[in-house]
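Student:
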Amino acid sequence: MPGTTVVVRDVRSIYNGYRGFVQRISGSQAAVLFEGGNWDKLVTMPLKTLEAS
Numbered sequence: 006m007p008g009t010t011v012v013v014r015d016v017r018s019i020y021n022g023y024r025g026f027v028q029r030i031s032g033s034q035a036a037v038l039f040e041g042g043n044w045d046k047l048v049t050m051p052l053k054t055l056e057a058s
């Protein structure tokens with residue numbers, strides 16, 4: 006669901022362990038917003054690699 010805080014659980018991803026916010030969902034993909042200090046990044050990821058936190 007959009008607005009949910011999630012953690013990436015994919016050992017093959019450089020974002021493994023990162024916490025972010027789901028912005029939108031399309032099919033089996035979610036756009037996740039990662040914020041860190043002075044940077045923000047929106048990344049599309051498979052839903053199966055995300056875990057609600």
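Numbering of the sequence shown is given in my numbering, commencing with residue 6 and proceeding in unit increments.
Virtual Cβ for every residue (Gly too), placed ideally from N, Cα, C.
Starting from residue 50, follow its DSSP beta bridges and name the residues at the other end.
Tutor: Here residue 50 is taken as the residue at index 45 of the sequence shown, counted from 1. In DSSP, residue 50 forms a bridge with 35.
Student: Identify every run of the beta strand (DSSP E) within the segment 10-35, keeping only runs that are complete inside it and at least 3 residues long; order them along the chain.
Tutor: Segments of the beta strand (DSSP E) lying fully in the segment 10-35: 10-13 and 24-31.
Student: From residue 17 to residue 31, what distance separates their C-alpha atoms?
Tutor: Counting from 1 along the sequence shown, the entry for residue 17 is found at position 12. Counting from 1 along the sequence shown, the entry for residue 31 is found at position 26. Taking the straight line from one Cα to the other gives about 22 Å.
Student: Can you grab the Cα-Cα spacing for the pair residue 6 / residue 29, in whole Å?
Tutor: Mapped onto the sequence shown, residue 6 falls at position 1. Mapped onto the sequence shown, residue 29 falls at position 24. Looking at the two C-alpha atoms, the distance is approximately 8 Å.
Student: Between residue 45 and residue 55, which are expected to be in contact by the criterion C-beta below 8 Å, what is the C-beta distance as a whole number of angstroms?
Tutor: The residue you call residue 45 lines up with position 40 of the sequence shown. The residue you call residue 55 lines up with position 50 of the sequence shown. So it is not a contact: roughly 18 Å between Cβ atoms.
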